[in-house]
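Chains as they are written, first to last, in our numbering: chain V, 1 to 806; chain B, 1001 to 1339.
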Amino acid sequence: MNTSLSWIKAYVPDLDVTAQEYTDAMTLSGSKVEGFEELDADLDKIVVGQITKIERHPDADKLVVCQVNVGSGEDIQIVTGAPNVKEGQKVPVVLDGGRVAGGHDGKKTPGGVKIKKGKLRGVPSNGMMCSIEELGSTREMYPESPENGIYIFEDDVKVGESAIKALGLDDVVFEYEITSNRVDCFGVLGLAREAAATFGKAFVPPVVTETGNNEDVNDYIKVTVKDTELCPRYCARVVKNIKIAPSPKWMQRRLASQGIRPINNIVDITNYVMEEYGQPMHAYDLDTIVGKEIIVRRADKGEKFVTLDGQERTMDDSVLMICDGEKAVGIAGIMGGENSMITEHVQTMLFEAACFDGTNIRLSSKKVGLRTDASGKFEKGLDPNNALEAINRACQLIEELGAGDVVGGVVDVYGKVKEGRRIPFDAQKVNALLGTEISKEDMIGYFKKIDLGYDDERDEVIVPSWRQDLECLADMAEEVARFYGYDNIPTSLPSGEATTGKLSFKLRVEAVARDTAEFCGFSQGMSYSFESPKVFDKLLIPQDSDLRKTVVISNPLGEDFSIMRTISLNGMLTSLSTNYNRRNKDVRLYELGNIYLPKQIPVTELPEERMQFTLGMYGEGDFYTMKGVVEEFFDKAGLHGKETYDPKAGKPFLHPGRQANVIYDGRVVGYLGEIHPQVADNYSIKERVYVAVIDMPEVVELASFDRKYQGIARFPAVSRDISMVMPKEILAGEVEKVFDAKGGQYLESYALFDIYEGAQIKAGFKSLAYSLTFRAKDKTLEEADYAPAMDKILKSLEAMGIELRK
Amino acid sequence: MKEKLEQIKANAMREIQNSDGLAKLNDVRVAFLGKKGELTAVLKSMKDVLPEERPMVGQLVNETRESIEKLIEETKTKLEAAERDLRLKQEVIDVTLPAKKNKVGHRHPNTIALEEVENIFIGMGYEVVEGPEVEYDYYNFEALNIPANHPAKDEQDTFYINDEIVLRTQTSPVQVREMEKGKLPIRMIAPGRVFRSDEVDATHSPSFHQIEGLVVDKNITFADLKGTLAEFAKELFGEDTKVKFRPHHFPFTEPSAEVDVTCFKCGGKGCRFCKGSGWIEILGCGMVHPRVLKMSGIDPDEYTGFAFGVGLERIALLKYEIDDMRLLYENDDRFLKQF
């Protein structure tokens, strides 16, 4: 929504503010001004001059030498190349030292172009005559401007006066961000009312007078509304003997300041009233209306209709149509038809000001694929009480402008009249909500400023129908607050019962995951929750896998963002791939993000959201590096027991010989491994990639932040080394299980210190060497204390086919 | 005898003083005081001394020994210091050589910003809670006073799973879920991922984060809201930060406001960063709409509350001067390493 300052001033005559003051004050009272443009910001020293004499330039065929009376006594000499100047014409003249906005090609120069006197082909020139483009505007907005050349004034301007003023360029255009609840502020009158209240000035709306001759409109047109839900009100008036002509300059200027191109008096009046009242109107050529009747009905399914832009459009049965006795003549609230549009030859015209259901217009406009100024206003849900006033205002302008003869009377089909509302008022409660001590009188004063009534007897605020947004006392509190000034409301902190600030346990465990990952050199990434269903193929996930059962977005941004992820790896691999392709070396990333597992297909309840702690890396490090990070995290999260690893994880996207489920306390809490070379290839990563995915809900259940001091060992430890040769298939984990099972009460720890496969060992075998540490809390161990345990361990190992080396 | 001792002493003193190293000094010590040393030899020859002279000679020997030992000790200390000085001189390193860095990972700027916000509110007694990202239409819209057919529910903005389930477009539904629990008073913030149907560009992303705040208690006022957010802005952007509340409209709060803070780049004078206004918009807020309280089972006549919503990316982009939102989701190591 835009308005010019001059248009606002038309209804708030006492308003005297700078553009910045207006911007600040209106924004603070709730009508947010996003920005403003001072039309004359780059214009300076431009006056109306009259050309008194034109002579040929002695040295240039295309230039002429003009003597121009600029009201300063003596004529000044200006050389111009403009083709359209004639003696006696009044033109805008920028004097020596003045500024124009840009060139006549319409290109603006920030800050403007300074004009100095000089010589053109040897002849002195003391200023410049301007085209409308040089004045920073366009022929669209000033249709009387010549296509090429200097702007020519009509004779009613005075020589020597400001040309900027004469053109209405001494104005400011404000751009507002109006919130959807303030339907009334999508019209200049609504904003003028706010401006008047904001600056404490009188609001003087136009006085709409009675119009029309002694004929009866009902003799010209009959209106039937078949769907009163979608069309609560339809007002129609008739104008005959139409004389199409340009509208007056003041109207053109106001429309131009809103960015609306002046066309002719009828179209301009329609647009003018739409801007002024926020009520869209439409004009039909009455001679094209068959049967002299208007029927408002829903379209037939698949009905075709050609709008006045010449486009054929297809309707469905929820779209409301304006029809005559035999055909549709317009899409209600969106656009009229080509078949009934006003042309230069129009004789008699039907004016329509109606109220349509906002939601229906919004949906229809989308279905039809056409959004217009009118539909943009209607879809906000207009006040039906505004329609009659607006149509009468339009007819008043018709008469004032001499654009035609208005027929007496209005056809007004208005079912259930929309009434204003009464809201019980309680000043004390308003103060309690705001934390203020504003007197009741002041509050009522604020209401009166914006035309809200107050019923003293019943202590009720009377809200007119155009303030549909005011429904309850909280709404009234906002009205009080914005005119009292949000800035003037004091600041305090909530009193009352103290509460404990904290993170949930889950979030604390996640924080540990972040800390651990970062200590281990992993940086945090974030990827989207939705991805492409093609991801499953990229990850070699079988067709019948449960992972392919996803939550599907019905209106995605595209297939690539159409399903909610059921596995976190695609985001990680995509990020690693991005890094790899940008030649970043040794990249380690982690992510904490949800996967979304549907509870049923089709989805009827919320999916299960499981937080996944995903780590990925390429470059330095290997499987065991990743394993170390996982174990570090578990330890920090209070999972002090021993993880075990099951190589039969069955993950198709991982290297078949380098993958494992991570098992803790008998539960699978995640997996890790090297990415299958085929998958790495699918992501264009030509290095080994290692990943780990930890299912956080499992970890959160097992995690604990309880810590107990275990004492520091005071007695010396004894360590014994075991060196073994065994078939390759025996896993280190199986050996360690033996230590755990047979180590007895004194086995404190064990550590692998050598692993060897190769020439020294027979084929198919490997050698492992462990160091076992025994210790007692209360004494120095004797050989007899730990020898039995060692014996048991060795025997068990031998039983497994493991050969011991001394 | 006496002369002999004097002679030994003089020799010892000379040799000690001539020692130019600890090893040499030790040689001297052995030569005079060792088992086969000169002075030890004198002691051994005591039996040849007349018994009546023995005490006197003994004393002389001891005196000589003591003075030699003393000098050796002093010289040793000196030599040790000299040797240490020499070693320190030799051990000078080039401290400007590159550091051996520990490879530590980096936190995402979103998370850094979030943690700052969380810490501020935890300090004020707020609990950090979460809610589902795939959410019922009821919680995302209806319970927040956004009825069916409200333009805010427009398909243009919302990703739908079906008629009842959406990807939440805001963190506000967590407010409702928290209020429905019926445990009062409430002081909570709810950070999380939200989704809107925006094409990806420098300032838009279909997936981003918000932090919702909610306080519900008896006697909560708009003044409390102002005070709380002013405090928050100061903590986050600096002690000199000022806040401006502008009336606005949100369906679930009334009165509602948008909040600007003084531009932390120019301090409010106006610069390119704040487009000359001196202010930067950071959040939306308001008093919880009585209808929202009621729908969540809270009596609006007894309780009032305020709520606010902050865009996390907005804070991160502003605070860390990141000029393109896409960087936040590319996870380029060279970007992440800067945080």
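Glycine included, every Cβ here is placed at the ideal spot set by N, Cα and C.
Margin query: Between which two residues does the alpha helix (DSSP H) holding B:Gln1090 run?
Written below: Arg1054 to Gln1090
Next item on the list: Quick one: which residues of the region 31-47 of chain V get their C-beta closer than 8 Å to a C-beta of chain B? List them in chain order.
Entry: Lys32
Checklist line | Buried or exposed (CB count within 10 angstroms, at least 16 for buried), B:Gly1007 | finding: Correcting the residue type first, residue 1007 of chain B is Gln in the shown sequence and not Gly. Classification for B:Gln1007: exposed.
Note to self: From the DSSP secondary-structure annotation, give me the bridge partner or partners of V:Cys231.
What the structure shows: According to DSSP, which records beta bridges pairwise, V:Cys231 is partnered with nothing at all.
Notebook entry, point to check: Residues bridged to V:Trp466 by DSSP?
Noted result: In the DSSP assignment, V:Trp466 forms no beta bridge with any residue.
Checklist line | is_contact[V:Ile444, chain B] using C-beta, thresh 9 Å | finding: Not closer than 9 Å to any Cβ of chain B, the Cβ of V:Ile444 fails to qualify, so no.
Next item on the list: Count the other CB atoms, across all protein chains shown, that sit within 10 Å of the CB of V:Lys686; report buried if there are 16 or more and exposed otherwise.
Entry: Around the beta carbon of V:Lys686, fewer than 16 other beta carbons sit within 10 angstroms, so the residue counts as exposed.
Note to self: Using a 10 Å radius around the Cβ and a threshold of 16 neighbouring Cβ atoms, would you call B:Ser1205 buried or exposed?
What the structure shows: buried
Check: Taking C-beta to C-beta, are V:Val346 and V:Asp405 nearer than 9 Å?
Finding: no
Item checked: Residue range of the unbroken beta strand (DSSP E) whose run includes V:Leu804 -> Glu803 to Arg805
Notebook entry, point to check: Can you give the beta carbon distance from B:Ala1307 to B:Leu1214, rounded, assuming they're within the 8 Å contact cut?
Noted result: 5 Å
Next item on the list: Below 7 Å CB to CB, which residues in the same chain sit around V:Ala82 once its five sequence neighbours on both sides are set aside?
Entry: Met129, Gly149 and Ile150
Check: At a Cβ threshold of 9 Å, is B:Arg1029 touching chain V?
Finding: no
Check: What residues from the region 1204-1227 of chain B come within 8 Å of chain V, judged by C-beta to C-beta, listed N to C?
Finding: Pro1206, Ser1207, Val1215, Asp1217, Lys1218, Asn1219, Ile1220, Thr1221, Phe1222, Ala1223, Asp1224, Lys1226 and Gly1227
Next item on the list: Using alpha carbons as the reference points, say which of B:Leu1184, B:Lys1242 and B:Ser1256 lies closest to B:His1289.
Entry: B:Ser1256
Next item on the list: Whole angstroms is fine: what's the gap from B:Phe1252's alpha carbon to V:Leu382's?
Entry: 22 Å
Note to self: Measuring only the C-alpha atoms, how far is V:Asp469 from V:Asn181?
What the structure shows: 6 Å
Check: What does V:Asn661 pair with, by DSSP beta-bridge criteria?
Finding: V:Asp646 and V:Tyr671.
Note to self: Which residues does DSSP list as the beta-bridge partners of V:Val207?
What the structure shows: DSSP, once it has assigned bridges, lists no residue as partnering V:Val207.
Check: Hey, how far is the Cα of B:Lys1269 from the Cα of V:Val668?
Finding: Straight through space, the alpha carbons of V:Val668 and B:Lys1269 are spaced by roughly 58 Å.
Next item on the list: Ignoring anything shorter than 4 residues or poking outside the region 690-725 of chain V, list the alpha helix (DSSP H) runs there in chain order.
Entry: Annotation note: the region 690-725 of chain V contains the following uninterrupted alpha helix (DSSP H) runs of length 4 or greater, listed N- to C-terminal: 696-702.
Notebook entry, point to check: Given a threshold of 16 other Cβ atoms within 10 Å of its Cβ, counted over all protein chains shown, does V:Ser504 qualify as buried or as exposed?
Noted result: exposed
Next item on the list: Give the single residue among B:Val1310, B:Thr1064, B:Thr1221 and B:Asp1324 whose Cα lies nearest to the Cα of B:Ile1211.
Entry: B:Val1310
Check: For V:Ala789 and chain B, any beta-carbon pair shorter than 9 Å?
Finding: no
Check: In whole angstroms, what separates the C-alpha of V:Val70 from that of V:Ile221?
Finding: 55 Å
Next item on the list: Please state whether DSSP places B:Ile1008 in a helix, a strand or coil.
Entry: Helix, per DSSP.
Checklist line | Beta-carbon gap between V:Arg864 and V:Glu460 smaller than 9 Å | finding: The question about residue 864 of chain V has no answer here: the residues shown for chain V are numbered 1 through 806.
Notebook entry, point to check: Would the beta-carbon of V:Gly369 fall within 9 Å of that of V:Arg313?
Noted result: yes
Notebook entry, point to check: DSSP state of V:Met274, grouped into three classes?
Noted result: helix
Notebook entry, point to check: Which ranges would you report for the alpha helix (DSSP H) in the region 349-376 of chain V if only whole runs of at least 4 residues count?
Noted result: 358-368
Check: On the three-state DSSP scale, how would you describe B:Val1030?
Finding: helix
Item checked: C-beta neighbour in chain B for V:Met564, strict 9 Å -> yes
Item checked: V:Lys45 (DSSP reduced to helix, strand or coil) -> strand
Notebook entry, point to check: If you pair each beta-carbon of the region 385-394 of chain V with each one of the region 271-282 of chain V, do three or more pairs fall below 8 Å?
Noted result: yes
Check: Can you tell me whether DSSP reads V:Val17 as helix, strand or coil?
Finding: DSSP places V:Val17 in coil when its eight states are reduced to three.
Checklist line | Rounded C-alpha distance that separates V:Phe203 from V:Glu74 | finding: 46 Å
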